[in-house]
Each structure stands twice: as C-alpha cells, then as structure tokens.
Amino acid sequence: MSDEHVYECWNDQKNCVKSPENPLGPPIWKIFTFHFWTTAHHPLGHPWTLAPEDYSLYREDRRNANTYLGYSVEPSCNSQPVVPQNERARGSVYAMTKCVSYFAPQPERAWPPSFYRNAAQRLGVHFTIGAMNVSDPQRCGGSKELDIPQLDDFGGDDVMTNLGLLDRPDFVRKVAESNVLLGVGRPYISPTPYQALCVGVPFINPILEWDSSRPEYRGAWNTQHNGLRDLDPPYVYNVFKDDEEGLLNAISQAMRHPISRFIPPGLSLKDAADRLNTILRRNWMRAAEKLLEERIRNEGEIFTL
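Written out as structure tokens, the structure reads:
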C-alpha cells in the first residue's frame, strides 16, 4: 500500500483499519508500505516500511532502518542485449541526468562544466545526456533561481549532445551503446547504474561527502549511489567530487578495461525472492506485540492487534 493510503486507512478507524470500532478491518501490522528513501512512512515505523536499498548499511543504529525488500534488474536488463565494444562509438560517455539543472552550482554537483571540456580535449570523449531543459523544482528539485550552464559552457556540440528526455527503451539502448556511465551527483540512488552494469557499461560514482582525515574510509562516504560504493574497478569507479584528475583517470581506465554483463550482488531474481521469503516468514504479529508493549510503557500511540 502507498504511504499516503496507509495513513488514510490508519486515520479511518471506523471503516478501514482494525480497531475497537471496526473489529473486522485489517490490523495495521498486516499492512506494509513502500518508500524509496530512508525515513519511516508507516504508523508502526521502519520495520513496516519496505525499501529498495539496504539502508541499514549506512546507519549507525541499524535497527532504525526500513526493511530491505529491494528488486532485481535481471528481467529488464536481459531484454537489452550487450552491445559489442566494436559497435559502440569510441569515447562515448553517457552522463546520467534527467534535468539540466543538475549541472548548476550546488552541493550535489559533482563536476563543473570545465571538466567535461577538458575530458573531451584530453581523452577524445563525447558526452551524451537525455535531460529536460527545465528548472521546475516539482520535477527536478532545487530552486528556479539556479544558475544553469548552457551547452556552450561545456564546449558546445563537439563535447555534449542533449537528446532530451527519452522513453525507457530508448534510454536503456543509449546507455548500452556507451563506453561509460557517468554520475553527475544527482539523481540519488537511481536504478540506472545497476541497469548499465547489467548491459556491460561501467559506472563512475561521485563521492559527494567524506571524512577529510580518512578520505579512503568508505564508511564515511556519501556517494551518488551508496548501493555501489563498495564495488571497485572495472565495474565501479568511485571518484571524489571536484577531483578532475581522478575523473579523467576513471574515464580513461573504464574505456581501457571494458566489462561484460554484470549483475551486482543482491540484484538477481533469486536474491529478490530470498529477501521476500524472509520478510513473509517473519513473525510480524509478535513484532507488533512487542511494539505495542513498548508504546504502552512509553505512552505512545497504540493500535489494535
């Protein structure tokens, strides 16, 4: 159930969720919601909020993390054949962004326009994007006042081509025809890098935050895709934000060391089925009983089992 609907049901104790007034309704502990991010979106908290990523890996208190359901990329990526290297345009880099506003100066931006110009000059690469030419906060986040670079700031058509927002099949095909998928800082935790690896395209993952006293300590990294921060070349190249030489080296290495189809750990159909089986076999009523006891002790919001 969506988080919006689960709260609608929770707040309708006469007609929806089980309560003293509605004893035949479904108990709230039998209802789950799915939320893409780390916050709990269920009246019973994190355990009843299903997540696409294992966010417990990135929290000090792993108990306060949404339940990892995840997904598999196998069905979608297997529908796209791996494009042989000799059929890909040499030096083709797909920069992963759905909005040109992601290139504007902001904390999440990984690389300034000059990096793209220099990469084209020094490595002979060409960048492709499929992005909306809008700065609508409703669609792209951020602010309408962002100073969005123009194509000429990157070096013009010789450096970058914007195909506009693509439909899903065309987007996957363009990624599969590339030598490298480049993260630009946003969007965060997109499934696209998984899709790219599965069609034989390595990913450059920007490191946006880190411990300056221990820059190599991955536990302190906040990357564009934390689900891939523990992987290494030739599949994933983690590069510190604004590190131009690091970026150029990663692009060069990724082109020199092509990969075949690669499904990251946890993303096979079997992995997804195993996680679902674990969730279904858990004693959720007992978990709800413990939570209710705790809430009664602490004078929290109670519910009907």
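All residue numbers for the sequence shown refer to the working numbering, where the first residue is 291 and numbers rise by one.
Heads up, the beta-carbon is just placed ideally off N, CA and C, and yes, glycines get one too.
Please read all numbers here as calculations on a predicted model, not as lab measurements.
| Check | Outcome |
| --- | --- |
| Contiguous beta strand (DSSP E) assignments of at least 3 residues, all confined to the segment 474 to 562 | 493 to 499 and 526 to 530 |
| Three or more C-beta pairs below 8 Å linking the segment 467 to 485 and the segment 375 to 386 | yes |
| 8 Å CB neighbourhood of L456 in its chain, flanking five on each side removed | G420 and K464 |
| Any C-beta of chain B under 8 Å from that of N376 | The structure shown contains no chain B; it is built from a single protein chain. |
| Nonlocal neighbours in the same chain, by C-beta distance under 7 Å from I592, ignoring five residues either side | L582, R585 and I586 |
| Alpha-carbon to alpha-carbon, Y478 and E499 | 13 Å |
| Sequence-distant residues of its chain with Cβ nearer than 6 Å to P439 (five each side left out) | F393 and P403 |
| Residue environment, N469, which counts as buried when at least 16 other CB atoms sit within 10 Å | buried |
| Cβ-based neighbour list, E364, same chain, cut-off 7 Å, excluding 5 preceding and 5 following | I553, S558 and L559 |
| Local Cβ density within 10 Å of M450, reported as buried at 16 or more and exposed below that | buried |
| Pick from D520, Q396, V307 and Q370 that is closest to D532, judged by C-alpha positions | Q396 |
| Element boundaries [beta strand (DSSP E), containing L340] | T339 to A341 |
| Nearest candidate by alpha-carbon position, reference E398, set V307, P496, L538 and L595 | P496 |
| Selected residue, minimal CA-CA separation from N452, among C488, C389 and T329 | C389 |
| L472 - partner residues in DSSP beta bridges | A385 and I494 |
| Chain-order list of residues whose beta-carbon lies under 7 Å from that of V415 (same chain, five-residue window excluded) | G381, V383, A409 and I541 |
| S502, buried or exposed, once every other Cβ within 10 Å from all chains shown has been counted against 16 | exposed |
| Bridge-paired residues (DSSP) for N312 | S309 |
| Closest by C-alpha distance to L570, when choosing among N312, I321, F405 and Y297 | I321 |
| Best match in R551, F461, R407 and P374 for proximity to D442 [C-alpha to C-alpha] | R407 |
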